[in-house]
Ligand code: NAI
Ligand code: MG
């Protein structure tokens, strides 16, 4: 079986880690010999935008729809305002391809350390389910002035019952499939009295269908404290687009580094291709140095392989990654001394051995 994968490396370290992921995926398919990848790379980036004035061509989304999955690096570069780069590429893709779920697992990998005192491998093992289509990132709102004088701007969060219900169902299914069967709802329904209250209501409605899943509820501010002080008490977490965006960076840092965490932008109906990307950005501060941690990119690749139905391939890839970190082959953000290429080559060698 050949999978057609659209690759969008994007900017900065997005390019390094996408190349690393392609290398590892090719090694995986040539070793297992049960599937193959046909990669098509799209040069949709901020650099290209500065040269030609566009990120994606008018038929860009139609081109993406012809693939089995999309692999994304990162977009954003200092010379382009971040709201332009995000709204020209990643957000339109998520919306147009019905990727209303963003799954962000994280845990402490073998041979790595949490910055939390006494927090060992196994003590922090979470899946954050992020609503990916509406809420605070609906793009609704406006500003009264182009300049700064007495300017007023609104950023309207849109929540729909349909949108909330479908993310809740996905979150409950995710929680149910994990050993602890535990789901924590995160909102801010004390200060935000419309959309967040609807979130709470729908959560408890849907919960009635999942009596085997233990539930609890947190306000987002208190949640940051619980994540730091009681990481073991959490398992699966469901939150809005903005809240989960923030909490997942924290979650990644608490499990060792922002450089390890993956994300899957899923269309659960499977009508359109889903998109896989590490949660980190283009990291201009380390771009071009060859030191970016490729683990988040590999983990994202493994999630893609799993979504495509190749469970064994995904397991082999993750085991290879963890065998490599266990041996201390890590980039600097994880306290190691290896560069992107060394870690990537080690993962490839490991795949051959498994
Ligand atoms: P960032 O995630 O790019 O970097 C934050 C910090 O983490 C930096 O110090 C960076 O060096 C470090 N870091 C990130 N990934 C790493 C890795 N793989 N290995 C080692 N260290 C790593 O976030 P920042 O700086 O806020 O954003 C930079 C640009 O990326 C902006 O233009 C932003 O809009 C964009 N961005 C794009 C995203 C996407 O394409 N989905 C997601 C987040 C940010
Ligand atoms: Mg983010």
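Numbering (the UniProt record's numbering), first residue to last: 10 to 363.
Virtual Cβ for every residue (Gly too), placed ideally from N, Cα, C.
- Using a Cβ distance threshold of 8 Å, residue 115 and residue 270 count as a contacting pair.
- Residue 16 is bridged by DSSP to 50 and 80.
- Taking C-alpha positions only, residue 126 is separated from residue 22 by approximately 30 Å.
- In this chain, the alpha helix (DSSP H) harbouring residue 361 covers 349-362.
- In this structure, the alpha-carbon of residue 179 lies about 43 Å from that of residue 159.
- For residue 179, the secondary structure class from DSSP, reduced to helix, strand or coil, is helix.
- Secondary structure of residue 321 (DSSP, three-state): helix.
- With fewer than 16 other Cβ atoms from the protein chains shown falling within 10 Å of its own Cβ, residue 213 counts as exposed.
- Shown here for residue 70: same chain residues with a beta carbon closer than 6 Å to its own, the five before and five after excluded, namely 105 in chain order.
- Annotated three-state conformation of residue 68 is coil, per DSSP.
- Going by C-alpha positions, residue 323 is about 16 Å away from residue 14.
- Residue 349 places its beta carbon 8 Å or farther from that of residue 304.
- Around the Cβ of residue 199, a 10 Å sphere holds fewer than 16 other Cβ atoms; the residue is exposed.
- Residue side-chain check: residue 309 keeps its Cβ at 7 Å or more from all non-hydrogen atoms of the ligand NAI.
- In the structure shown, residue 135 falls within a strand segment according to DSSP collapsed to helix, strand and coil.
- With distances taken between CA atoms, residue 140 lies nearest to 246 out of 123, 73 and 246.
- A Cβ-Cβ separation of about 7 Å places residue 170 in contact with residue 207 under the 8 Å criterion.
- Annotated three-state conformation of residue 285 is strand, per DSSP.
- Judged by the Cβ position, residue 258 qualifies as a neighbour of the ligand MG at the 7 Å threshold, a heavy atom of the ligand being closer than this.
- Counting only unbroken stretches of 4 or more residues, the alpha helix (DSSP H) elements lying wholly within the stretch 196-275 are 204-216, 229-238 and 250-263, in sequence order.
- For the ligand MG, a non-hydrogen atom lies closer than 7 Å to the CB of residue 254.
- Classified as buried, residue 108 has 16 or more neighbouring CB atoms from the shown chains inside 10 Å of its CB.
- With contacts defined as CB atoms closer than 8 Å, residue 110 and residue 277 qualify as a contacting pair.
- A distance below 8 Å separates the beta carbons of residue 143 and residue 250.
- Short of 7 Å from the beta carbon of residue 215, and not among the five residues preceding or following it, lie these beta carbons of its own chain, in chain order: 174, 177, 178 and 181.
- Taking 8 Å as the cut-off, the Cβ atoms of residue 37 and residue 325 count as close.
- Between the ligand MG and the CB of residue 269, the shortest heavy atom gap is not smaller than 7 Å.
- Residue 248 counts as buried, since at least 16 other C-beta atoms from the protein chains shown sit within 10 angstroms of its C-beta.
- Just measuring C-alpha positions, the residue of 157, 162 and 77 sitting nearest residue 149 is 162.
- In the DSSP annotation of this structure, the continuous segment of the beta strand (DSSP E) that includes residue 149 starts and ends at 144-152.
- Counted as a single uninterrupted DSSP element, the alpha helix (DSSP H) harbouring residue 101 occupies residues 99-105.
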